[in-house]
Amino acid sequence: MSSQTETPQPARSLRERRKEQTQAELVAGVLDVIDSLGFEKLTIERISRAAGVSRGTVYAHFPGGLTELVSAAYAQIGCLIVETTTAHIEAADTWCDELIAHARAMFDFAANSRSGHFYNVSGPAFIATGEARGIGSGTSLMMIADTLDRAQEQGRLRLQIAPDALAILLVGAIREAATEVAGGAADPGQEIAAFAALVSGLAKVA
Numbered sequence: 001m002s003s004q005t006e007t008p009q010p011a012r013s014l015r016e017r018r019k020e021q022t023q024a025e026l027v028a029g030v031l032d033v034i035d036s037l038g039f040e041k042l043t044i045e046r047i048s049r050a051a052g053v054s055r056g057t058v059y060a061h062f063p064g065g066l067t068e069l070v071s072a073a074y075a076q077i078g079c080l081i082v083e084t085t086t087a088h089i090e091a092a093d094t095w096c097d098e099l100i101a102h103a104r105a106m107f108d109f110a111a112n113s114r115s116g117h118f119y120n121v122s123g124p125a126f127i128a129t130g131e132a133r134g135i136g137s138g139t140s141l142m143m144i145a146d147t148l149d150r151a152q153e154q155g156r157l158r159l160q161i162a163p164d165a166l167a168i169l170l171v172g173a174i175r176e177a178a179t180e181v182a183g184g185a186a187d188p189g190q191e192i193a194a195f196a197a198l199v200s201g202l203a204k205v206a
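Going by full-length UniProt numbering, 102 is the number at position 102 of the sequence shown; the sequence numbering is gapless.
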């Protein structure tokens, strides 16, 4: 009986590692400029200065210029929010707490004035379409639907509720509230409390 062994992945070359590092520094430069000056002040010149590289280097790594850089920064924030949400979920005691974790991660970040406004308001308007737009909300949609499925299987969620349909509504509510928080029109603490009240109403009555 033969055993299968995984083929080891070839080590990345120094050139590849440097390329990834430079790209990461450029994306960090985008977020630095947004946090310090605001999205409306974002330019290639300011990004290159923040990252400590030339304009030529910026375009060598991001030929699409500002649009490609903004998309990369938006995607990075989406991944960060997913990581934060996952950490909150791991500490959750109930399925309701798992759902609230999604809102908490989004609202807390939205309250971070400039980056939060970029992710929820100015960024989506600038990017419009693309894979970067779906990282955060797309992952939340799948995770929320999974939580609802498990809750229903365990008899904790009302049977007449369709988990996938409900997940879409909850993600939409989170995004809308996060936009209000980012714009300063809503308090993150109040929005989390309201979302928690909404979620508690989904539980099956014993």
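Don't be surprised by glycine CBs; every beta carbon is placed ideally from N, CA and C.
A distance below 8 Å separates the beta carbons of I144 and A167. Distance check between L69 and each of D108, D35, L26 places L26 closest, using alpha-carbon atoms only. By the Cβ neighbour-count rule, T179 is buried, with 16 or more other Cβ atoms within 10 Å of its own. Inter-residue distance for S54 and A182 is about 32 Å (C-alpha atoms, whole angstroms). In the DSSP annotation of this structure, I161 is not part of any alpha helix (DSSP H), being labelled neither H nor E. With a beta-carbon spacing of about 5 Å, G29 and I47 fall inside the 8 Å limit used to define contacts. Proximity of the stretch 10-23 to the stretch 88-106 falls short of the contact definition, fewer than three beta-carbon pairs being nearer than 8 Å.
By the C-beta criterion, the stretch 152-159 is judged to be in contact with the stretch 194-206, since at least 3 inter-stretch pairs fall below 8 Å. Contact between Y74 and I127 holds: CB atoms are separated by about 6 Å, below the 8 Å threshold.
A residue is called buried once 16 or more other Cβ atoms fall within 10 Å of its Cβ, and S140 is buried on that count.
When secondary structure is reduced to three states using DSSP, A203 falls in the strand class. A87: member of the alpha helix (DSSP H) spanning 65-90, first to last residue. Going by beta carbons, P163 and L148 fall inside the 8 Å limit. Excluding residues up to 5 positions away in sequence, C96, L99, I100 lie with their Cβ nearer than 7 Å to the Cβ of V199 in the same chain.
If you draw a straight line from the Cα of F107 to the Cα of E176, it is about 10 Å long. The beta carbon of A110 sits closer than 6 Å to the beta carbons of G116, N120, A178, V181, A182 from its chain, once the five residues preceding and following it are set aside; these are given in chain order.
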